[in-house]
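Number of protein chains: 2
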Amino acid sequence: MKRQPHFLDSFFNPASIAVVGASRNPLKISHNLLANLIKLQFAGRVYPINPGVPDLMGLKAYPNLQAVEDEIDLVICGVPATSALDVIKDCVEKRVKSVVVVAGGFSEAGQDGKKLQTEIARLLKENGIRAIGPNSLSPINSRYNLAIGFSPHEILTQGGASFIFQSGLYEPRLNWLLLNFHLGINKLIDLGNKMDVNEVEALEYLGDDPETKVIAMHLESVEGDGRAFFQTLKEISRRKPVVVLKSGRTPAAAKAASSHTGVIARGSDAVFDSALRQAGAIRAQTIEEFFDFAKAFECFTPLKLNGNRIVIAAYPGGEGVITTDECQLHGLSLADVSPETYDKVQTIAPPWTINPNPFDLGVSTQFNGPRKVYKILMEAMTEDDNVDCLAIEIELSAMESPDLILEPFLMAREKKKPLAVWPMESTRQDMTPVEWLESHKIPVYPSGERAVKSLAAVHRYSTNNLQ
Amino acid sequence: MKRQPHFLDSFFNPASIAVVGASRNPLKISHNLLANLIKLQFAGRVYPINPGVPDLMGLKAYPNLQAVEDEIDLVICGVPATSALDVIKDCVEKRVKSVVVVAGGFSEAGQDGKKLQTEIARLLKENGIRAIGPNSLSPINSRYNLAIGFSPHEILTQGGASFIFQSGLYEPRLNWLLLNFHLGINKLIDLGNKMDVNEVEALEYLGDDPETKVIAMHLESVEGDGRAFFQTLKEISRRKPVVVLKSGRTPAAAKAASSHTGVIARGSDAVFDSALRQAGAIRAQTIEEFFDFAKAFECFTPLKLNGNRIVIAAYPGGEGVITTDECQLHGLSLADVSPETYDKVQTIAPPWTINPNPFDLGVSTQFNGPRKVYKILMEAMTEDDNVDCLAIEIELSAMESPDLILEPFLMAREKKKPLAVWPMESTRQDMTPVEWLESHKIPVYPSGERAVKSLAAVHRYSTNNLQ
């Protein structure tokens, strides 16, 4: 039986989009609401709405929605708050079913804005129109070359991580996330002031979406008493990981959130935290953790770990010790390797015996070179049943042909043991080794601490949710 | 009264250095023990010791220490462990007073290595020779163009941060720390296996050193019962900040440390932590925090904060909320600005009133441009007596002439209010704005979280130690 189409389908897979209020001026950010669709070669039909001009960026422009003869699946309302009501009235007349309200200046901006938002919400509801926002940049669907945003986009890399935001936290860093951090994005929805569509609906949709391997959501508040939210979260977490970054944890921040998306965060953070854990979700404490964990799950899902036993290999011995501390503090433990592994590792030791874990890459590569060391280390560790996952440092400056030297790292994927890598900070700007690793779904992090915390999150999810 | 010269003076300010065992082969890391001194134009006299060649890198080479007619202030013993004893015997004969033993393979490498280290230590002690190491790369003194290390150096940037290490943690990332992280280094000592010189002596020396504004030390273990260490720490912390990164916090890591520098960490981490706090030292939990805090103190020492009231300004509103959480969690609190500041800030608001703190740079620059926004924001906030420090995000892509746009940031220095900056992650690689800020001693961090944690460390030090 085919599943009933979800109302959010028309947001993520619209056959036609009308963009109201896109500026001709490339210096204005609203220019990119339309320009991105064109540059990305969005697969559907696009209708610019602008009463002042005959065409816009090479497309025929229409004075209003009614002038478009085609059916419009999705309207992007890009006009300022004060003009938004008129656009919504046009949507009613044109029998549009789905709208994104981009502008800010509503419930987050005092009494007048609140009143306006309430009026628009009422009109939408009376006419059965579903709306994302206001104060929202949405949606993104990389498989469909669809991105609504203020930042210029020329490429959307594809992947299995889908995102729910309550603010534009991701927006100015999106190009960086895609091109430098190598995050494989599938879908993205920014709920904004949540006048209509909320986090529970978004979660349900992505939970059922076969293209979404991991959901990462940033929340400032939860609808009502949160019961529906935590129930949905629990149900989905059994099938796929959900990473949650909840801000407004402290009273000062909660107050700040309300003046920003106009929504009030309720309840103590400790209660929220415990409910998250019971639901099997993975909490991120910082923006860094949020994207770090999403990247790890995107690379490793679906994967069930046998245990929490990790191998650490770092360049300076002292860094191996510090990274070991990080492991223990985040629920991983140093693997006690087999006698066979111990013996194999001695063949890449300096002229004295060496501790296999944490493994000192500095002293071993000094005597044996990185190529031999990585090969024997990876063979020994991935074949050892006492090892569940690995975190390895690489030295960018030592690597002339990354695929030749790093090829042994692929053994970790073959043996289904999550491997996270971090490069020693370097003045060298050539990121070829990092790109090579990430193209093979081996996630790279800026530090050992972040690599280990991400592996710990994968282990936590595996233990709590996978039988 | 002139102070008695400290024995460590001959390590940091030697008039003559002999380097034993530097390789001619530029591919061998021991090559750089000598090459760095030459490239950096070390101000003292340098004598390469190598029995096989008449000259080395343009300098006359000597078959042994005795063949050098000059007095030798410092011997860098760069030969493998097995040959080190012979070099020490030569040091005795030549009446050398100071030696660094570079090689590993001693107490960290099993019984034979331990025995060798004990024998060398005894010989040194009998002859009144002070020694750093073994398993040590030391020292660095940027004012003297002196750097002993395996990594190639062509430049040492100068500053007021001095470091004590117990391992080569810093070594492979040193160029990055200087050139990309813009850390102003003064002196550095790597204690290695601590056969002789220990952390208390190093701490005393840097505590009395007028060029050292902040001391940052990485420890895996503390001598004996730690009484002398904590007493020295307390005494120095009253005069200058001491940042401590102690690894081997967990039992697994403590064990790993002992197989790496051959020194055993004793006692529980909680006890250590509480003793650190009582001594007024600032603990770093990770490698990132260690260098982050050192950079903050290098920029802001000496500076007494009036309180913990911070202003946050971030691009996406959601990031301001998250950064507010970070502040509260680390002991800072959001400044409640004056009515005058509130009014000034409204002149850079969008067409609705805006919350002054955390300040939403995204929406305000969208309507007013970054130049005007920064100027009015900085004027208002630095003149407000309710504000003690600031953390501000910048957007690299928006900045064509950094000095023009960022000049208002200098007001924070004038008004003696610590300001830390973080750039939005960006695909843009041009770091000119970051370099401009850091050349004016405004520290830049990779994230809001790290900026805020560094300011919190400065506040913690100020509250605990400065009257």
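Keeping their order, the protein sequence lines are chains A and B.
To convert, count from 1 in the first sequence and add 110; that's the working numbering.
To convert, count from 1 in the second sequence and add 110; that's the working numbering.
Glycine included, every Cβ here is placed at the ideal spot set by N, Cα and C.
Item	Value
Contact set between the segment 286–318 of chain A and chain B, restricted to residues whose Cβ is under 8 Å from the partner	W286, L287, L289, N290, F291
Coarse secondary structure for B:P115, derived from DSSP in three states	coil
Proximity to A:P173 [Cα-Cα], best of A:L184, A:D183, A:E181, A:I159	A:I159
Beta carbon proximity, B:G270 to chain A, threshold 9 Å	no
Which residues DSSP lists as bridging B:N251, in chain order	B:L256, B:K297
Contact set between the segment 431–443 of chain B and chain A, restricted to residues whose Cβ is under 8 Å from the partner	V431, I432, T434, D435, E436, C437, Q438, L439, S443
Rounded distance between the beta-carbons of B:M167 and B:I148, thought under 8 Å	6 Å
Heavy atom of the ligand ADP within 8 Å of A:L233 beta-carbon	The ligand ADP is not part of this structure, which contains no ligands at all.
B:E218, DSSP secondary structure in three states	helix
Three-state secondary structure (DSSP) of A:K405	helix
CB contact flag (B:P553, B:A530, <9 Å)	yes
Within 8 Å of chain B by C-beta, residues of the segment 376–399 of chain A in sequence order	T396, I397, E398
Test: B:G358 CB closer than 9 Å to a CB of chain A	yes
Reduced DSSP category for A:A561 - H, G, I as helix; E, B as strand; rest coil	helix
Bridge-paired residues (DSSP) for B:N419	Going by the sequence as given, residue 419 of chain B is Arg instead of Asn. DSSP output for B:R419 lists B:S443 as bridge partner(s).
Cross-chain neighbours of B:P426 in chain A, by beta carbon under 7 Å	S277, G278, L279, E281, P282
Span separating the alpha-carbon of A:G188 from that of A:V130	5 Å
Proximal residues to B:T342 (C-beta, below 8 Å), its chain only, five neighbours per side dropped	V310, L313, E314, G317
Per DSSP, cross-strand counterpart(s) of B:E503	B:W532
The segment 382–390 of chain B / the segment 446–462 of chain A touching (three or more Cβ pairs under 8 Å)	no
Limits of the alpha helix (DSSP H) - the one that A:H141 falls within	141–149
Proximal residues to B:T573 (C-beta, below 6 Å), its chain only, five neighbours per side dropped	none
Close beta carbons around A:L415, own chain, < 6 Å, minus the five adjacent residues each side	D498, H569, S572
Residues, ordered as in the chain, of the segment 517–535 of chain B that lie near chain A by beta-carbon distance below 7 Å	M534, E535
Check whether A:P351 and A:V307 have beta carbons under 9 Å apart	no
B:G302 and B:P244 closer than 9 Å at C-beta	yes
Contacting residues, own chain, Cβ-Cβ under 7 Å from B:A566 (five flanking each side not counted)	H440, G441, L442
Chain A residues whose Cβ lies nearer than 8 Å to that of B:H328	G428
Three-way DSSP call (helix, strand, coil) for B:A182 in this model	Before going on, a small fix: residue 182 of chain B reads as Ile here, not Ala. Three-state DSSP puts B:I182 in coil, outside helix and strand.
Same chain, Cβ closer than 6 Å to B:S208, five either side skipped, listed in chain order	S120, F121, L184, R240
Per-residue contacts from A:E489 into chain B (C-beta, under 9 Å)	Those within 9 Å of A:E489 in chain B number zero; the least Cβ separation is about 22 Å.
Segment contact, 8 Å Cβ cut-off, at least three pairs: the segment 401–410 of chain A with the segment 472–492 of chain A	no
Best match in A:T434, A:L471, A:V431, A:A125 for proximity to A:Y425 [C-alpha to C-alpha]	A:L471
B:A132 to A:D495 span [Cα, whole Å]	43 Å
Contact residues within the segment 207–229 of chain A, judged by C-beta distance below 7 Å to chain B	G214, G215, A219, G220, G223
Closest by C-alpha distance to B:E345, when choosing among B:P361, B:R387, B:R359	B:R387
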